[in-house]
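Under my numbering, the first residue of the sequence shown carries the number 13, and numbering increases by one thereafter.
Below: the structure, in structure tokens.
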Amino acid sequence: MEHGGVMAKVRVAAELLRRCGHSPRLLYTATDQVPAGGWGAKMRYFGQHPRPYRTEFEGYAGLAIPHWPLPIWATYALPMFFARNAHSNCALQVVVSGAAHCGLPAALLGVRFIAWVSTLYADELAGRALAGDKWAVKMGSGMSARLLRWEEKLVLERASLVLANGGYIADRIRNSFPAANDRVRVAIYPVDTDVFHSSVPDGRQSDSDPYLLFTGRINDPRKNVNMLFKAFARARKQRPNLRLILTGDQPWENVRAMAAAAGVAAEVDFVGRQTETELVRLYQGAELFLLSSNQEGLGISVLEAMACGTPVVATRCGGPESVLVDGETGFMVPLNDDTAMAERILQLLSDPPLMATLRKNCVRLARETFSRAVVEKILLGAFHDVYPEHFSR
Numbered sequence: 013m014e015h016g017g018v019m020a021k022v023r024v025a026a027e028l029l030r031r032c033g034h035s036p037r038l039l040y041t042a043t044d045q046v047p048a049g050g051w052g053a054k055m056r057y058f059g060q061h062p063r064p065y066r067t068e069f070e071g072y073a074g075l076a077i078p079h080w081p082l083p084i085w086a087t088y089a090l091p092m093f094f095a096r097n098a099h100s101n102c103a104l105q106v107v108v109s110g111a112a113h114c115g116l117p118a119a120l121l122g123v124r125f126i127a128w129v130s131t132l133y134a135d136e137l138a139g140r141a142l143a144g145d146k147w148a149v150k151m152g153s154g155m156s157a158r159l160l161r162w163e164e165k166l167v168l169e170r171a172s173l174v175l176a177n178g179g180y181i182a183d184r185i186r187n188s189f190p191a192a193n194d195r196v197r198v199a200i201y202p203v204d205t206d207v208f209h210s211s212v213p214d215g216r217q218s219d220s221d222p223y224l225l226f227t228g229r230i231n232d233p234r235k236n237v238n239m240l241f242k243a244f245a246r247a248r249k250q251r252p253n254l255r256l257i258l259t260g261d262q263p264w265e266n267v268r269a270m271a272a273a274a275g276v277a278a279e280v281d282f283v284g285r286q287t288e289t290e291l292v293r294l295y296q297g298a299e300l301f302l303l304s305s306n307q308e309g310l311g312i313s314v315l316e317a318m319a320c321g322t323p324v325v326a327t328r329c330g331g332p333e334s335v336l337v338d339g340e341t342g343f344m345v346p347l348n349d350d351t352a353m354a355e356r357i358l359q360l361l362s363d364p365p366l367m368a369t370l371r372k373n374c375v376r377l378a379r380e381t382f383s384r385a386v387v388e389k390i391l392l393g394a395f396h397d398v399y400p401e402h403f404s405r
């Protein structure tokens, strides 16, 4: 199973269902289990796993669908043929995904289901294309694009309820698929504000050298870390003691080369994946959290940073626009504009009273809008409205 926002939402939904007395099971396409390398290794895998196989992930029973080398639109339909009984016999079905296509089997079978989505497929392709992904450019047109658009439309219009990851994606769904309008609600990813919290109400929470923070899949072109390095390099001209810390994946060589090209290789720390406790400390100690993405359905790291009282400077890349209050919990800057990001960084670092106000606003907004208690209430309401026979108010 993958890391990142989708899997984080799977954990939230499964844990909530389990606490309500249900026994969640996972059904997913095993995209990350096909071995890398040549066709020989791949065909051995398919020979060993010609049909779905039972698995377990973090204590949840699961059914993994082999990731056959099919056109992407066919991959989304395949689970319907392999796991028809699983879809037909489960009393509750919650589709948790990036774009909505994973709900295609449920939509084709005509069962009740909730779709908790993070993005539209067109937005995801646009973000990849902006980062220079030739595959994304190709997939944006032609027969495959039309089939994928039809699949997405079918899922969103047949879902009993569509939960959008934020106001931005909710508006995108309503504008793109108006037939689903009356069934779209906002359910932001919930942050545990007892874990992600500020330890100092109105000041920086670390005695280390000042640093800026980014966390995420740094090798994903949509994260646009090249722009991040350029903005950091500009800011360091006036703040030479400033460092940049990146957590998450270990960087590929091309990412290290980007930092070197920007002249900041020695001032950038790639610290890899962190434990939850270590990550909270990094959020708390950061001067600012930075997001340079070309496209985000939401941006869970933005929520976690704000919950820890760390102001955010982010690009106008979609999701963050519906959770970051410009001028109150941080600032938005144009896509791919390293000059604008550097200017906002320097503005905030030179204004301690404003930083203190933003820190307080971040903590308050987190508790009021996307704390676990707030979002779980929304999710329980959705479960009750679609499956009233299984949930009480």
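For each residue, glycine too, the CB sits at the ideal point set by N, CA and C.
Query raised in the report: In its own chain, which residues sit with a C-beta less than 6 Å from the C-beta of Thr67, not counting the 5 before and 5 after it?
Result: Gly74 and Ala76
Requested in this report: Can you grab the Cα-Cα spacing for the pair Ala148 / Tyr133, in whole Å?
Outcome: 10 Å
**Report entry** Which listed residue (Phe189, Phe382 and Ala26) has its alpha carbon closest to that of Ala319
**Finding:** Phe382
Query - Run of the beta strand (DSSP E) containing Thr87, from where it starts to where it stops - result: Premise fails: Thr87 lies in the alpha helix (DSSP H), Ile84 to Phe94, not in any beta strand (DSSP E).
Requested in this report: From the DSSP output, read off the bridge partner residues of Asp281.
Outcome: Ile257
Query - Collapsed DSSP secondary structure at Thr205 in the structure displayed - result: coil
Report task. Would you list the one or two residues that DSSP bridges to Glu68? Result -> Ala73
Query raised in the report: Which whole-angstrom value is the C-beta distance of Cys374 and Thr327, which I expect to be below 8 Å?
Result: That belief does not hold up - the Cβ atoms of Cys374 and Thr327 are roughly 18 Å apart, past 8 Å.
**Report entry** Val276 in three-state terms, based on DSSP
**Finding:** coil
Requested in this report: Look at the alpha carbon of Leu120 and the alpha carbon of Met270, and state the distance between them as a whole number of angstroms.
Outcome: 45 Å
Query raised in the report: Just how far apart, CA to CA, sit Ile200 and Val174?
Result: 12 Å
Report task. List the DSSP bridge partners of Ala127. Result -> Val107 and Val174
Query raised in the report: Helix, strand or coil: how does DSSP classify Val345 here?
Result: strand
Query raised in the report: Does DSSP put Leu310 in a helix, a strand or coil?
Result: coil
Query raised in the report: Hey, quick one: how far does the beta strand (DSSP E) through Gly228 stretch, first residue to last?
Result: Tyr223 to Gly228
Report task. Check whether the stretch 171 to 189 touches the stretch 392 to 399, counting contact only when three or more Cβ pairs, one atom from each stretch, lie closer than 8 Å. Result -> yes
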